[in-house]
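In our numbering, the protein residues as written are 10 to 242. Each residue gets a CB set at the ideal place from its N, CA and C atoms; glycine is no exception. These numbers come from a predicted model, not from an experiment.
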């Protein structure tokens with residue numbers, strides 16, 4: 010039985026005790042009801058060819074000119090409204106049952122918008138933050154997406170070696186870049202000669218993904234693209 014099937018069975022058991030309610034409107038039935046699903050703000054072309062931010066003309070924007078290693082970033086949704094609420098519940102409120110609908114949304118986007126990548130890698134948490142939170146939401150997303158996209162997952166290579174404040178607490182792109190500088194490293198050569206698809210929940214400026222890409226390419230990865238559920242625009 011696959012990971013998502015187990016997650017669905019666990020969700021069904023919980024539903025008997027705690028009925029699901031939409032994170033957007035509170036309606037009983039699903040964590041994201043069909044009405045709120047239709048209201049999700051999608052990111053559509055034209056996009057910056059590099060960071061995936063909406064950009065008139067579909068050319069590279071100035072905000073990602075400082076990237077050093079990431080080949081590109083794509084996100085299906087804007088980080089606002091119901092999607093923001095869903096990610097916050099999944100990430101901070103321990104509502105892990107949201108994994109199934111969120112992974113399915115990400116899998117649907119990837120199926121319709123293929124990206125370079127033969128292996129999935131989650132953005133790691135520092136052990137201190139992992140202990141505080143109890144789980145890495147990106148690792149959960151990767152496991153769900155891997156089953157849907159039939160792609161292998163490697164989560165024992167890229168690690169976070171420096172504990173830093175959350176990117177959301179920094180104000181500028183320069184501060185975010187400095188905050189994650191040399192924050193990641195690779196433990197081994199398991200991703201050497203691999204095309205990596207790096208997975209996270211949200212992209213703010215892209216600097217975290219770029220810092221991860223620097224570590225991955227230093228360990229021999231041939232390309233690194235970032236895929237997140239949502240991004241700030």
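Please report the Cβ distance between residue i and residue j, rounded to the nearest whole angstrom; I am assuming they are in contact, meaning their Cβ atoms lie under 8 Å.
i	j	result
residue 211	residue 222	Not really, about 17 Å apart at Cβ, beyond 8 Å.
residue 149	residue 108	5 Å
residue 34	residue 45	6 Å
residue 139	residue 206	About 22 Å; that fails the 8 Å criterion.
residue 132	residue 209	4 Å
residue 176	residue 231	Incorrect: roughly 27 Å between the Cβ atoms, too far for contact.
residue 188	residue 173	5 Å
residue 52	residue 66	Actually they are not in contact, since the Cβ atoms of residue 52 and residue 66 sit about 16 Å apart, beyond 8 Å.
residue 144	residue 93	Not confirmed; about 20 Å, so no contact.
residue 160	residue 91	Residue 160 to residue 91, Cβ: 27 Å. No contact.
If you run the structure through DSSP and keep just helix, strand and coil, what is residue i?
i	result
residue 192	coil
residue 139	helix
residue 202	coil
residue 113	helix
residue 212	strand
residue 160	coil
residue 227	helix
residue 25	Here the model assigns residue 25 a pLDDT of 49, short of 50, so the residue's position is not dependable, and the following value carries that caveat. Helix, per DSSP.
residue 169	strand
residue 153	helix
residue 76	coil
residue 2	In this structure the chain extends from 10 to 242, so residue 2 is not present and cannot be described.
residue 45	helix
So who's on the other strand from residue i, going by DSSP bridges?
i	result
residue 186	DSSP, once it has assigned bridges, lists no residue as partnering residue 186.
residue 207	130 and 235
residue 86	51 and 239
residue 71	Answer by DSSP bridge pairing: none, since residue 71 is not bridged.
residue 66	Answer is none; residue 66 lacks a bridge partner.
residue 56	63
residue 81	234
residue 30	37
Considering only the beta carbon of each residue, do residue i and residue j sit closer than 7 Å?
i	j	result
residue 32	residue 98	yes
residue 50	residue 87	yes
residue 239	residue 84	yes
residue 78	residue 219	yes
residue 200	residue 227	no
residue 235	residue 82	yes
residue 186	residue 224	no
residue 204	residue 125	yes
residue 242	residue 63	yes
residue 100	residue 146	yes
residue 115	residue 154	yes
residue 192	residue 169	yes
residue 300	residue 41	Residue coverage of the chain in this structure runs from 10 to 242, which leaves residue 300 outside it and unanswerable.
residue 69	residue 59	yes
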